[in-house]
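Engineer:
Numbering (the numbering used here), first residue to last: 239 to 331.
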């Protein structure tokens, strides 16, 4: 999982959509395998690896959010219409 998360970080840094999709698929596959495991049976080394993976995943999430905000700002600037790509607000009755 750590290697997959590192590949994801590198794909984000390079803005490589193909590599990002591959790492996303790999991450989903690994998560499916990990879901079948009993978390209570982890030894100290495995718990440390899980914590490291959680931290790396959090860093990657923050990078994705920064990239998304940057893209939204650029699209708003190009269209001269702020909020064009914002989520629609719920209709009020």
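All C-beta atoms in this analysis are idealised placements derived from N, C-alpha and C, irrespective of residue type, glycine included.
Determine the contact status of residue 250 and residue 302, defining contact as a CB-CB distance below 8 Å.
Structural biologist: It is a contact, given that the beta carbons lie within the stated cut-off.
Engineer: Contact between the region 239-257 and the region 278-291: three or more CB pairs below 8 Å?
Structural biologist: With a cut-off of 8 Å, the region 278-291 and the region 239-257 count as touching, because enough Cβ pairs lie within range.
Engineer: Using only alpha-carbon positions, find the residue among 320, 239, 312, 310 that is nearest to residue 263.
Structural biologist: Checking every option, the nearest Cα to that of residue 263 belongs to 239.
Engineer: What does the Cβ neighbour count give for residue 261, buried or exposed, with the cut at 16 atoms within 10 Å?
Structural biologist: Per the 10 Å Cβ criterion, buried.
Engineer: May I ask you to report which of helix, strand or coil DSSP gives residue 239?
Structural biologist: Looking at residue 239 - three-state DSSP - the assignment turns out to be coil, as it is neither helix nor strand.
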